[in-house]
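For the sequence shown, counting from 1, position 86 maps to 85 in numbering that gives the first Met the number 0; every step adds exactly one.
Ideal Cβ positions, reconstructed from N, Cα and C, are used throughout, including at glycine.
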Amino acid sequence: MLSYMLPQDQKQKRMEDFVVEVPCGAASELSCAGLLKRKCLDRMLTELHQRFSCVNSEILKGIQACDPNSENFLCDTISERAQCTLQDPELLSGALIDVAKHLGNLKYRVWEKMLEMVQYSTEQKCPDNPERFKPCVNVLGSEGFTSGKHSWEVKVGNKTAWDVGVAKESITRKGKITIIPKRGFWVMMLRNGEDYRAGGGPKLTLERKPQSIRVQLDYAREEVSFFNSSDMSHIYTFTDTFTERVFPYFSPCLKKDGNDAPLQICPVKVSVTVMSSQ
């Protein structure tokens, strides 16, 4: 079986072999089934030919025994000599190829065999590099900022817990983390589906549950602000001192108590206005 402990090239090679073997095996099974059905049909045709030959022979014998001067010579003796009781043709079980057997559940059989080959571990081992948070499920944006104004929008939907905001580059990423400005975090968070807070700050009272949050960073003014994206109503602003590069910060929190949905970073909406020179 494949395991996450196997080198990546070995896992890929085994999966490639499997992808080739499955259709070849299905084609071989279909070919064998077709050969068996052809033999069965050939046998049926031979039996029918023999029966027709028998009937034809009896008819000829009847014609030869008839009185050619009789007006009903075809009815006089043929009815007596050529009586051959033919049974209704039987529907031979399995005479046709079971298409559903070979094709209808092919995807299911492939999936079933893949489950036999692949062994999933409950925890994927990741490199414990300094940039990775552990054990917290947090992540920083790929681009940091040391100047200018920047904003991004995060769709939080109906999640019951999440963190969004800004963090400085030198934050602690291993072990227990305290989300407060003193430790380099300027973050808005949700807990228990209704408890909104500013990290290290007060509990926040919102008129309506936001489906997406706009985070706005003004490095020169040393501010991090949060808005409800639906109506751009202001929620909270941190004012602090920035001394190093800062990054967007995200945490979907643990998947429990209905908190299964992901955080989604919304694409930037760009509008262009063309001014006429005339």
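Around the beta carbon of residue 188, 16 or more other beta carbons lie within 10 angstroms, which makes this residue buried.
The Cβ atoms of residue 218 and residue 147 lie closer than 8 Å to each other. Residue 223 and residue 165 do touch by the CB rule: their CB atoms are close to 5 Å apart, below 8 Å.
Straight through space, the alpha carbons of residue 255 and residue 158 are spaced by roughly 10 Å.
Two segments are said to touch when three or more pairs of C-beta atoms, one from each, lie closer than 8 Å; by this definition the region 205-215 does not touch the region 175-184. Ranked by how close their Cα comes to the Cα of residue 249, the residues 169, 124 and 151 have 151 in first place. Within the same chain, and ignoring the five residues on either side of residue 199 in sequence, the residues whose Cβ sits closer than 6 Å to its Cβ are 179 and 180. For residue 215, the secondary structure class from DSSP, reduced to helix, strand or coil, is strand.
Secondary structure remark: continuous beta strand (DSSP E) runs of at least 3 residues inside the region 194-262, in chain order: 194-197, 211-217, 222-227, 232-238 and 245-250. Here the C-alpha atom of residue 160 lies approximately 16 Å from the C-alpha atom of residue 227. By the criterion of a C-beta distance shorter than 6 Å, residue 50 is surrounded by no residue of its chain, once the five residues flanking it on both sides are discounted. Annotation for residue 205: 195 and 234 place their beta carbon closer than 7 Å to its own, counting only its chain and skipping 5 residues before and after. For the pair residue 138 and residue 265, the CB atoms are not nearer than the 8 Å cut-off. Close CB contacts of residue 244 within its chain, under the 8 Å cut and outside five residues either way in sequence, are with 143, 144, 145, 167 and 168 (chain order). Distances from the alpha-carbon of residue 238 to those of 260, 261, 197 and 263 put 197 closest. In the same chain as residue 240, and ignoring 5 residues on each side of it, the C-beta atoms closer than 8 Å to its own belong to 221, in chain order.
In this structure, the straight-line span from the alpha carbon of residue 257 to that of residue 232 is close to 27 Å.
CA-to-CA, the gap between residue 60 and residue 45 works out to about 23 Å.
For residue 152, the enclosing beta strand (DSSP E) covers residues 148-154. A straight-line Cα-Cα distance of about 14 Å links residue 41 and residue 32.
Straight through space, the alpha carbons of residue 156 and residue 229 are spaced by roughly 12 Å.
Looking only at 52, 57 and 236, the smallest Cα-Cα distance to residue 186 is reached by 236. Taken through DSSP and simplified to helix, strand or coil, residue 41 comes out as helix. Closest option to residue 176, judged by alpha-carbon separation, among 247, 261 and 134: 134. Buried is the label assigned to residue 247, since at least 16 other Cβ atoms lie within 10 Å of its Cβ. Distance between residue 47 and residue 36, taken at the CA atoms: about 17 Å.
Taking the C-beta atoms as reference points, residue 132 is found nearer than 8 Å to residue 172. In terms of CA proximity to residue 242, 170 leads the group 170, 260 and 209.
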